[in-house]
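Visitor: So the protein lines, in turn, are chains A and B.
Numbered according to this note's numbering, the first sequence spans residues 81 to 444.
Numbered according to this note's numbering, the second sequence spans residues 81 to 444.
Protein chains: 2
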Amino acid sequence: MPASPPESLPALDLTGDLTELLVALVDTESVSGDEARIADAIQAALEPLDHLELIRDGDVLVARTQLGRAERVVLAGHTDTVPIAGNVPSTTTGKGDDRVVHGRGSCDMKGGVAVQLAVAAALREPARDLTFIFYDHEEVEASLNGLARIGRERPDLLAASFAVLLEPTNARVEGGCQGTMRAEVTLTGVAAHSARSWMGSNAIHAAGPLLERLAAHTSAQVEVEGLVYREGMNAVRIAGGIAGNVIPDRCVVEVNYRFAPDKDDAQAEAYVREVLDGFDLEITDVATGARPGLDRPIAADFLAAVGGEAHPKFGWTDVARFSALDIPAVNFGPGDPSKAHADDEFCPTADLHTCRDALLRWLG
Amino acid sequence: MPASPPESLPALDLTGDLTELLVALVDTESVSGDEARIADAIQAALEPLDHLELIRDGDVLVARTQLGRAERVVLAGHTDTVPIAGNVPSTTTGKGDDRVVHGRGSCDMKGGVAVQLAVAAALREPARDLTFIFYDHEEVEASLNGLARIGRERPDLLAASFAVLLEPTNARVEGGCQGTMRAEVTLTGVAAHSARSWMGSNAIHAAGPLLERLAAHTSAQVEVEGLVYREGMNAVRIAGGIAGNVIPDRCVVEVNYRFAPDKDDAQAEAYVREVLDGFDLEITDVATGARPGLDRPIAADFLAAVGGEAHPKFGWTDVARFSALDIPAVNFGPGDPSKAHADDEFCPTADLHTCRDALLRWLG
Chain A
81 MPASPPESLP ALDLTGDLTE LLVALVDTES VSGDEARIAD AIQAALEPLD
131 HLELIRDGDV LVARTQLGRA ERVVLAGHTD TVPIAGNVPS TTTGKGDDRV
181 VHGRGSCDMK GGVAVQLAVA AALREPARDL TFIFYDHEEV EASLNGLARI
231 GRERPDLLAA SFAVLLEPTN ARVEGGCQGT MRAEVTLTGV AAHSARSWMG
281 SNAIHAAGPL LERLAAHTSA QVEVEGLVYR EGMNAVRIAG GIAGNVIPDR
331 CVVEVNYRFA PDKDDAQAEA YVREVLDGFD LEITDVATGA RPGLDRPIAA
381 DFLAAVGGEA HPKFGWTDVA RFSALDIPAV NFGPGDPSKA HADDEFCPTA
431 DLHTCRDALL RWLG
Chain B
81 MPASPPESLP ALDLTGDLTE LLVALVDTES VSGDEARIAD AIQAALEPLD
131 HLELIRDGDV LVARTQLGRA ERVVLAGHTD TVPIAGNVPS TTTGKGDDRV
181 VHGRGSCDMK GGVAVQLAVA AALREPARDL TFIFYDHEEV EASLNGLARI
231 GRERPDLLAA SFAVLLEPTN ARVEGGCQGT MRAEVTLTGV AAHSARSWMG
281 SNAIHAAGPL LERLAAHTSA QVEVEGLVYR EGMNAVRIAG GIAGNVIPDR
331 CVVEVNYRFA PDKDDAQAEA YVREVLDGFD LEITDVATGA RPGLDRPIAA
381 DFLAAVGGEA HPKFGWTDVA RFSALDIPAV NFGPGDPSKA HADDEFCPTA
431 DLHTCRDALL RWLG
């Protein structure tokens, strides 16, 4: 038998029905590590657009205008998803503007990618130069993140006056993002046979006061540039004990601190150490937050154009990668962020239209 | 090349130096599941003794006199060890009666097995009929225990008026044993993204009051037939959390209750439920304790013969299997029980002699 021909790429119609475009994207499976095919499909759809310079680097695609405008705006989104859960291919419910697309990636964040693509095709002569970035490996460890890689290897491709990350925000503007820090608190004791427990000292019991302190802790609400960020400090993992008959001499609690973007890493660490004073802790991971940047004129201009009020972004997002390059960045995309990664994730057609229309209004 | 010949069995000299006998036993590796070779060696050493009827069943060996005495005493010990830790072959330190054998199984419990073998060889016409039991799979899950299997399949082989289990007791009599019960306490919450922790409820934090309660609990000391048992209730394992960015909705704490032999299983469970009132718990495992049986004449006779004072056994041991058959049983063996399973376990020659001589005095 002859070898099978390569599977044909899904056709992406960038100027047709936006909901159908999202369906086509969802139906092109692209779990992290497996983004080549969706990148191929996006590349094939963008290639005919001669107003865009197209650059492919691994599975990252950068499409940009070169009109010599005074300002440049980045519109960025990732093409990968978390693993599917029987929710690909997509299904749709409702009709017309009430139509909803259900399936893996519909919310996080192929709805945003669909909007990026529609805007890329529609705006042949934007008022500001535009850079569309489609990147891989957002849903896995940060070291693989396609946007971070481009930032390291080709930072010129990210240069801009402003960036919009099309992560789901219910089609409203969410400014900046909170930082996230992880600390490991280690409780120690003395091992002993559990039949002679008085010979030992129980490290799991020693975690009691730590957990009580975390439960009693009231996290701050911090206003930054008019947005109120809500912090949180939580045990997210605990493990202790080696056998059913041994008094444990070690118990480890992983604490996650989400901190407002008024703090840098050192200030966040100092706060964790203050709250958990007396415990043996080690900082294992930190991702700095991003200030909303709403005090900059271009951000105000964006807000005025898209309408509505800005809200704080509680989760950490890749806007922080732009913020670290001193590029103000906001989150603005279709879909409910609380449905990201949920098995029943979905994206409403109305959100797709809201985001697309707002961006066209601002950039047209 | 021809196949290698089967490795020859270690020679066990049952009437020579007791310490050398222990060395030979330790040097015959017998981690649980791998007891065939040591059973072969013991079988080969016992076969020439025509005062003993020898029965092999799997890797269990039963050797017994059939003299028609009014009473029968069981001397039992297991041949398996926990995994070695670079401590086989054995080493010895000191000289003469101060000699000490170091190595896996020296304490738990090949010292006891050496004493069994020496007594088996020495007593050709004991005052009471004797049953020596050497069994496998004591150090692993109870369902594999060789003594338990014989109790189920051939209970006649266990019949006796009294049993001595030669587990390490520092060569003193330890009566009965405490029971052990395990309970799983499940704390529940509501999962949420840790950046929006107020949307969830933290199940790990909910473990704080449980751990505080366990830490504050004072365990009872209970007198049974003149021996004071010391109980204990401890968290021995804790696990919660599924990811570094998720508020955990589940945390499980395994609690181990060691209870005095005045309580049956139902009374032990009632006590656990009383102490942990308000928590969702499930009993996952229980092994009933054994009363010391020191109120029986044969036990008093044993105590008088071996000398010294009886002490309570805090750990659970296979004496409970005899107790369940209404056979009074005590623990009496060489080695420090707190060194059982320790990487630096050892057995003093003096303990070997003390135990052997006491048994010969009582049974001779």
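For every residue, glycine included, the Cβ atom is placed at its ideal position computed from N, Cα and C.
With a cut-off of 9 Å, does the C-beta of Phe394 of chain A fall near any C-beta of chain B?
Guide: Yes, Phe394 of chain A lies at the interface with chain B (some Cβ there is under 9 Å from its Cβ).
Visitor: Flag Thr429 of chain A as yes if its beta-carbon sits less than 9 Å from any beta-carbon of chain B, otherwise no.
Guide: Not one chain B Cβ lies under 9 Å of Thr429 of chain A.
Visitor: In the structure shown, what three-state DSSP assignment does Thr179 of chain A receive?
Guide: The sequence given here places Arg at residue 179 of chain A; Thr does not occur at that position. Reduced to three states, the DSSP call for Arg179 of chain A is coil.
Visitor: With distances taken Cα to Cα, identify the nearest neighbour of Trp442 of chain B among B:Val153, B:Leu132 and B:Ile122.
Guide: When each option's Cα is compared against that of Trp442 of chain B, the closest is B:Val153.
Visitor: Exposed or buried, Asp130 of chain B, counting other C-beta atoms within 10 Å across all chains shown (16 or more means buried)?
Guide: Exposed.
Visitor: Taking 8 Å as the cut-off, does the region 326 to 338 of chain A touch the region 300 to 318 of chain A (at least 3 CB pairs, one atom from each stretch)?
Guide: Yes, they touch.
Visitor: Would Ala430 of chain B and Gly373 of chain B qualify as a contact pair, given that the criterion is a beta-carbon distance under 9 Å?
Guide: No.
Visitor: Where DSSP assigns a beta bridge to Tyr337 of chain B, which residues make up the other side?
Guide: According to DSSP, Tyr337 of chain B bridges with B:Met261 and B:Met313.
Visitor: Mind checking which residues open and close the beta strand (DSSP E) that includes Cys435 of chain A?
Guide: Element bounds for Cys435 of chain A: not the beta strand (DSSP E) but the alpha helix (DSSP H), Thr429 to Leu443.
Visitor: Confirm, please, whether the CB-CB distance from Ile327 of chain B to Met279 of chain B is below 9 Å.
Guide: A contact, by the Cβ cut-off of 9 Å.
Visitor: Interface residues of chain A around Pro328 of chain B at Cβ under 9 Å?
Guide: Under the 9 Å cutoff, chain A gives Asn314, Ala315, Val316, Arg317 and Ile318.
Visitor: Whole angstroms is fine: what's the gap from Val265 of chain A's alpha carbon to Phe339 of chain B's?
Guide: Spanning the two alpha carbons is a distance of roughly 32 Å.
Visitor: Can you check DSSP and say which residues form a bridge with Ser281 of chain B?
Guide: Looking at the DSSP assignment, Ser281 of chain B forms a beta bridge with B:Val270.
Visitor: Using CA atoms only, rank isn't needed, just tell me which of B:Val304, B:Leu224 and B:Pro163 is closest to His421 of chain B.
Guide: Here the closest residue by C-alpha is B:Pro163.
Visitor: I want to see whether chain A comes within less than 9 Å of Ser418 of chain B, judged by CB atoms only; does it?
Guide: Cβ-Cβ to chain A under 9 Å: yes for Ser418 of chain B.
Visitor: Going by C-alpha to C-alpha distance, which of A:Val140, A:Leu203, A:Leu224 and A:Phe214 sits closest to Glu247 of chain A?
Guide: Of the listed residues, the one whose Cα sits closest to Glu247 of chain A is A:Phe214.
Visitor: In chain B, which residues lie less than 9 Å from Trp278 of chain A when you measure between Cβ atoms?
Guide: By Cβ distance, chain B contributes Ser299, Arg310 and Gly312.
Visitor: Take Asp209 of chain B and list the residues in its own chain whose beta-carbon comes closer than 6 Å to its own, dropping the five residues that flank it on each side.
Guide: Around Asp209 of chain B: Thr145, Leu147, Arg149 and Arg152.
Visitor: Where Asp139 of chain A and Ala287 of chain B are concerned, what is the direct C-alpha to C-alpha distance, given to the nearest angstrom?
Guide: C-alpha separation (whole angstroms): 45 Å.
Visitor: I want to verify the contact list: residues of chain B whose CB lies under 8 Å from the CB of Arg338 of chain A, in sequence order.
Guide: Correct list: Ser274, Ala275 and Ser277.
Visitor: Please report whether the beta-carbon of His285 of chain A lies at a distance below 9 Å from any beta-carbon of chain B.
Guide: True, the Cβ-Cβ gap to chain B drops below 9 Å.
Visitor: How far does the alpha helix (DSSP H) with Arg229 of chain A in it extend, from its first residue to its last?
Guide: Its alpha helix (DSSP H) spans residues Gly226 to Glu233.
Visitor: Kindly indicate which residue of B:Ala121, B:Ser88, B:Val220 and B:Ala104 has the alpha-carbon position closest to the one of Val111 of chain B.
Guide: The shortest C-alpha separation from Val111 of chain B is found at B:Val220.
Visitor: Can you look up Ala200 of chain A in the DSSP assignment and give me helix, strand or coil?
Guide: Helix at Ala200 of chain A.
Visitor: Kindly give me the distance between the Cβ atoms of Ser418 of chain B and Asn336 of chain A, rounded to whole angstroms, as I take these residues to be in contact under 8 Å.
Guide: Their Cβ separation, rounded to whole angstroms, is 40 Å, which puts Ser418 of chain B and Asn336 of chain A out of contact at 8 Å.
Visitor: Taking DSSP as the reference, what is the three-state secondary structure of Ile322 of chain B?
Guide: In this structure, Ile322 of chain B counts as coil in the three-state DSSP scheme.
Visitor: Counting only beta-carbon separations shorter than 9 Å, does Arg144 of chain B have a partner in chain A?
Guide: Output row for Arg144 of chain B: interface = no.
Visitor: Roughly how far, in whole angstroms, is the beta-carbon of Val253 of chain B from the beta-carbon of Phe412 of chain B, given that I think they are within contact range, below 8 Å?
Guide: With 8 Å as the limit, Val253 of chain B and Phe412 of chain B qualify as a contact, their Cβ atoms being about 5 Å apart.
Visitor: For a cutoff of 9 Å on Cβ pairs, would you count Leu440 of chain B as touching chain A?
Guide: No, no contact with chain A.
Visitor: Between which two residues does the alpha helix (DSSP H) harbouring Leu294 of chain B extend?
Guide: Counting along the chain, the alpha helix (DSSP H) containing Leu294 of chain B begins and ends at Ala287 to Ala296.
Visitor: Provide the residue span of the alpha helix (DSSP H) that contains Glu362 of chain A, from first to last.
Guide: Note, Glu362 of chain A: premise wrong, no alpha helix (DSSP H); beta strand (DSSP E) at Leu361 to Ala367.
Visitor: Does Gln258 of chain A come within less than 9 Å of chain B when only Cβ atoms are used?
Guide: Answer yes: the Cβ-Cβ gap between Gln258 of chain A and chain B drops below 9 Å somewhere.
Visitor: Evaluate Glu425 of chain A with the Cβ neighbour count: other Cβ atoms within 10 Å of its Cβ, from every protein chain shown; 16 or more gives buried, anything less gives exposed.
Guide: So Glu425 of chain A ends up on the buried side.
Visitor: Would you say Gly369 of chain B touches the ligand ADP, meaning its beta carbon is less than 8 Å from a heavy atom?
Guide: Only the bare structure without any ligand can be found here, which leaves the ligand ADP out of the picture.
Visitor: Counting only Cβ pairs nearer than 8 Å, list the residues of chain A close to Asn411 of chain B.
Guide: Simply none; closest approach about 12 Å.
Visitor: Counting beta carbon pairs with one atom in the region 283 to 302 of chain B and one in the region 301 to 313 of chain A, are three or more of them shorter than 8 Å?
Guide: No, the region 301 to 313 of chain A does not touch the region 283 to 302 of chain B.
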